[in-house]
Each structure stands twice: as C-alpha cells, then as structure tokens.
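Numbering (the numbering used here), first residue to last: 3 to 146.
Following: one structure in structure tokens, then a few remarks.
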C-alpha cells in the first residue's frame, strides 16, 4: 500500500484551495477594476470613506491580495483585507438581504479565515522564504 506524506498531502490541498479561491476572487476584482469609471461614484460606501476609496480598497484586496494568495506570499497577511472585505459585504452591504445573496460572501470569509489559521502550506513562496530565513540565507541541500 502506498503511504502518502501527510504534510505534502495537506499542503497540496491548501495549494488547490489558495489558487482556486484566489482565482475566483480575482475575477470579481478584475471586473471592478474594468468597471472602475462606471462604479466609482455609485460603489457602496459602508464605512464612510467615500465610494471611490471604498472601490479602490475592494479592488486592492480582491486583485492584489488574491494574487498573493495564488503564489502563497504573505498569505496570512493577505487574508486580512480579503476577510475584512467579506465581513463588510456580509454584514453591512448585504446585511438586510436574504441568505441567498449573503451566502457567497460567507463562503469566501470561511475560506479566508481557514487559510489565516492554517497558513499556505509547503507549496508556497512563504515556505521558501521561511526556509531561507531559517538557514540564514545559505543554500540548503533541498534548494541546491
């Protein structure tokens, strides 16, 4: 019977989750970026920063942080703006809406909280950077 290394299996699952959720949210962010001109005056301003700045912040999270998730760089940090965006969408922007409308934001939030708790796994740039820091910047047998 073939025995799989648990850490590699777990990390493979986290890789699929990170890349998958990152690509899905990236689509939302790119749509906002492409429609910036039309959306900038009417975008929801749930925390009182103005429609344009709220849209810029949402695009920054949905595009920038999604790209970080996909490559696994600053993963835990990248989940924070994404989770905040989903909390605002879930409880403020769609707070009075039926569950069917809120469900997608809740699902994204659940994934971001899970990735913040687990980290990105070994198939990530975070892992490469951490390994380099632990070795004092010297090449290791694995990286050589």
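Cβ atoms here follow ideal geometry from the backbone N, Cα and C, with glycine treated the same way.
Asked	Found
Run of the alpha helix (DSSP H) containing residue 7, from where it starts to where it stops	Looking at the DSSP string, residue 7 is not in any alpha helix (DSSP H), and its letter there is neither H nor E.
Residue range of the alpha helix (DSSP H) that includes residue 83	77-90
Cβ shell of residue 102 (< 7 Å), same chain only, five flanking positions each side left out	none
Test item: CB-CB of residue 77 and residue 42 under 8 Å	no
At least 3 beta-carbon pairs within less than 8 Å: the segment 31-41 vs the segment 89-108	no
8 Å Cβ cutoff met for residue 16 and residue 122	yes
Given residue 120 as reference, the closest of 52, 74 and 37 once Cα atoms are compared	74
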